[in-house]
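Colleague: I have a structure I would like to understand better, so I am pasting it below and will then ask my questions one at a time.
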Amino acid sequence: MALGAAAGSLFTSVAAASMRRPVTAAAGGGLRHAGMATADADRPLRIGVYNIHRARGLDGRKDLDRIASVIGQADLVGLCEVEGSFYGLTDSQPRRLGRALGLGSLFSPTQERWLRFDRGNGLLSRFPVERWYHEPLVDTTGRRGRILTTARIRIGESTLHLLVTHLSRRTDQHVQLATILDRFTRFDRAILVGDFNIARDFPPLREFLDAGGGIDAIGAALGAADDPGRIDWILTRGVNVQGGGFCAPGPSDHPYYWVDLRQAVSARRVGIVGAVDAWSPPQRLHDRRPAARALTAIRQG
2 MALGAAAGSL FTSVAAASMR RPVTAAAGGG LRHAGMATAD ADRPLRIGVY
52 NIHRARGLDG RKDLDRIASV IGQADLVGLC EVEGSFYGLT DSQPRRLGRA
102 LGLGSLFSPT QERWLRFDRG NGLLSRFPVE RWYHEPLVDT TGRRGRILTT
152 ARIRIGESTL HLLVTHLSRR TDQHVQLATI LDRFTRFDRA ILVGDFNIAR
202 DFPPLREFLD AGGGIDAIGA ALGAADDPGR IDWILTRGVN VQGGGFCAPG
252 PSDHPYYWVD LRQAVSARRV GIVGAVDAWS PPQRLHDRRP AARALTAIRQ
302 G
């Protein structure tokens, strides 16, 4: 009897530990490291987005060094599908990448399983991060937690907000998209990056961009060379896209995309009156009512 009860208790414990548990909201203070950079007015800011597939390449090998070699020139990188620490025996993949590249790092767990935060997103920064917070996104399936991480980054005398996320494929996608776009439009100067799992022909996103809610920075940089089926995104507000590029899948099953941002905003591109310094204190952008209507349509969809 006792042995049977013990076995049953063990089975229950193992079953509970194997269940995916969503994370709760969290916030933190500064993120700094010894090599933090200062703003350089003559140098563009390079932003990258990379779903690293836990560093598993198309050849089936896991090699984080290959990921590091791809993103090494970036100032800010949003990472998707990263692994957390293995019970303290290894650091999370963002921490290891940050250490290898001399960048500040933040691991953003999306789920807890086997008594550890095993999966999530990540952020790498060459500049000081003043504040950050994780916001869980709606997940009615209970199987795949999704979050939005927002970081306030000090660049020179002003700040920039970087938002990193990874959306679901179908279920809850409309609600999650509406949430991240709503948060994005709360800032005059912001960058939203991530694997949205949707392409440019997805009506709610297309309507949001057409309404002036933000700039598709990858599309603006690549032009006709852009992939119409691309699901990885860099959206910008209050900055001007200077150029960009991508690295083909190989180290991961996703391409790596990057854009360079000018420190002077193009008034015509973002629709504001008069060009302003991209790192000056935030100024109010153009009329946001069209973008707000597009967000309302997404929520009602």
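The opening position of the sequence shown corresponds to residue 2 in this note's numbering, with each subsequent residue numbered one higher.
All residues carry an ideal CB built from backbone N, CA and C; glycine is no exception.
The structure displayed is predicted, hence computed values, not measured ones.
Between the Cα of Asp233 and those of Pro129, Arg155, Tyr257, Phe128, spot the shortest distance and give me the residue it belongs to.
Modeller: One-based indexing of the sequence shown puts residue 233 at position 232. Minimum Cα distance to Asp233 is reached at Tyr257.
Colleague: Going by the beta-carbon positions, is the gap between Leu168 and Ile154 smaller than 7 angstroms?
Modeller: For the purposes of this step, residue 168 is identified with residue 167 of the sequence shown, where counting begins at 1. For the purposes of this step, residue 154 is identified with residue 153 of the sequence shown, where counting begins at 1. No; because the gap between Cβ atoms is not below 7 angstroms, this pair is not in contact.
Colleague: Quick one: what's Ser109 bridged to in DSSP?
Modeller: For this step, residue 109 is matched to residue 108 along the sequence shown. Asn122.
Colleague: Quick one: any contact between the segment 142-154 and the segment 219-233, if contact means 3 or more CB pairs under 8 angstroms?
Modeller: As far as the Cβ criterion goes, the segment 142-154 does not touch the segment 219-233, which means the pair count is below three.
Colleague: Go ahead and label Gly29 buried or exposed: buried means 16 or more other beta carbons lie within 10 angstroms of its beta carbon, across all protein chains shown.
Modeller: Translated into positions along the sequence shown, residue 29 becomes position 28. Exposed: under 16 other Cβ atoms inside 10 Å.
Colleague: Would Pro250 and Leu104 qualify as a contact pair, given that the criterion is a beta-carbon distance under 7 angstroms?
Modeller: For the purposes of this step, residue 250 is taken as residue 249 along the sequence shown, with counting starting at 1. For the purposes of this step, residue 104 is taken as residue 103 along the sequence shown, with counting starting at 1. No.
Colleague: Identify whether Thr25 lies in helix, strand or coil by the three-state DSSP scheme.
Modeller: The count along the sequence shown starts at 1 and reaches residue 25 at position 24. Note: Thr25 maps to coil in three-state DSSP.
Colleague: With 16 other CB atoms within 10 Å as the buried threshold, where does Gln174 fall?
Modeller: The sequence position of residue 174 within the sequence shown is 173, counting from 1. The residue in question, Gln174, is buried, as its Cβ has 16 or more Cβ neighbours within 10 Å.
Colleague: Check whether the Cβ of Thr150 sits closer than 6 angstroms to any heavy atom of the ligand COA, and report yes or no.
Modeller: This structure lacks the ligand COA; in fact it carries no ligand of any kind.
Colleague: Which residues bound the alpha helix (DSSP H) around Arg209?
Modeller: Walking along the sequence shown from the start, residue 209 turns up at place 208. First, the residue type needs correcting, since residue 209 is Phe and not Arg in the sequence shown. Start and end: 204-211.
Colleague: Which residue's Cα is closest to the Cα of Gly121: Arg238, Cys81, Ser159, Arg44?
Modeller: In the sequence shown, counting from the first residue as 1, residue 121 sits at position 120. Looking at the Cα atoms, Cys81 is the closest of the given residues.
Colleague: I need the straight-line Cα distance from Leu262 to Asn241, nearest angstrom please.
Modeller: Numbered from its first residue, the sequence shown carries residue 262 at position 261. Numbered from its first residue, the sequence shown carries residue 241 at position 240. The straight-line gap from Cα to Cα measures roughly 6 angstroms.
Colleague: Return the residue from the list Gly31, Val83, Leu32, Thr25 that minimises the CA-CA distance to Ile53.
Modeller: Start at 1 with the first residue of the sequence shown, and residue 53 comes out as number 52. The residue with the shortest Cα to Cα distance from Ile53 is Val83.
Colleague: Does Gly272 pass the burial test, meaning 16 or more other C-beta atoms within 10 Å, or should it be called exposed?
Modeller: Against the sequence shown, residue 272 aligns to sequence position 271. Here Gly272 scores only 29 on pLDDT, less than 50, and its place in the model should not be relied on; the value that follows carries that caveat. Looking at its Cβ environment, which holds fewer than 16 other Cβ atoms inside 10 Å, Gly272 is exposed.
Colleague: Where does the unbroken alpha helix (DSSP H) through Asp183 begin, and where does it stop?
Modeller: Here residue 183 refers to the residue found at position 182 when the sequence shown is read from its first residue. Per DSSP, Asp183 belongs to the alpha helix (DSSP H) from 174-185.
Colleague: My assumption, with CB atoms under 8 angstroms, is that His253 sits in contact with Ile68. Please give the rounded CB distance.
Modeller: In the sequence shown, counting from the first residue as 1, residue 253 sits at position 252. In the sequence shown, counting from the first residue as 1, residue 68 sits at position 67. The sequence shown places Ser at residue 253, not His. About 7 angstroms separates the two Cβ atoms, so the contact holds.
Colleague: Where do the ends of the beta strand (DSSP E) carrying Arg67 lie?
Modeller: Start at 1 with the first residue of the sequence shown, and residue 67 comes out as number 66. Per DSSP, Arg67 belongs to no beta strand (DSSP E); it is in the alpha helix (DSSP H), 65-72.
Colleague: Measure the Cβ-Cβ separation of Ser93 and Phe108 and say whether it is below 7 angstroms.
Modeller: In the sequence shown, counting from the first residue as 1, residue 93 sits at position 92. In the sequence shown, counting from the first residue as 1, residue 108 sits at position 107. Against a cut-off of 7 angstroms, the Cβ pair of Phe108 and Ser93 comes out as a contact.
Colleague: By the DSSP assignment, the alpha helix (DSSP H) with Ala221 in it spans what residues?
Modeller: Reading the sequence shown from its first residue, position 220 is the one you call residue 221. Here the alpha helix (DSSP H) through Ala221 covers 218-223.
Colleague: I need the boundaries of the alpha helix (DSSP H) containing Gly99, first residue and last residue.
Modeller: Taking the sequence shown and counting its residues from 1, one reaches residue 99 at position 98. Residues 94-102.
Colleague: Please classify Pro229: is it buried, with 16 or more other beta-carbons within 10 angstroms of its beta-carbon, or exposed?
Modeller: Stepping through the sequence shown from its first residue, residue 229 is reached at position 228. Classification for Pro229: exposed.
Colleague: Could you check how far apart the C-beta atoms of Thr111 and Val24 are, in whole angstroms? I think they sit under 8 angstroms.
Modeller: As a position in the sequence shown, residue 111 is number 110, starting the count at 1. As a position in the sequence shown, residue 24 is number 23, starting the count at 1. The pair is a contact, with the Cβ atoms about 6 angstroms apart (cut-off 8 angstroms).
Colleague: By DSSP, does Ala191 sit in helix, in strand, or in coil?
Modeller: For the purposes of this step, residue 191 is identified with residue 190 of the sequence shown, where counting begins at 1. Strand at Ala191.
Colleague: Our contact map puts Ile345 next to Ile235 with C-beta atoms below 8 angstroms; I'd like the distance itself, whole angstroms only.
Modeller: The displayed coordinates of the chain run from 2 to 302. Any statement about residue 345 would go beyond what the structure contains.
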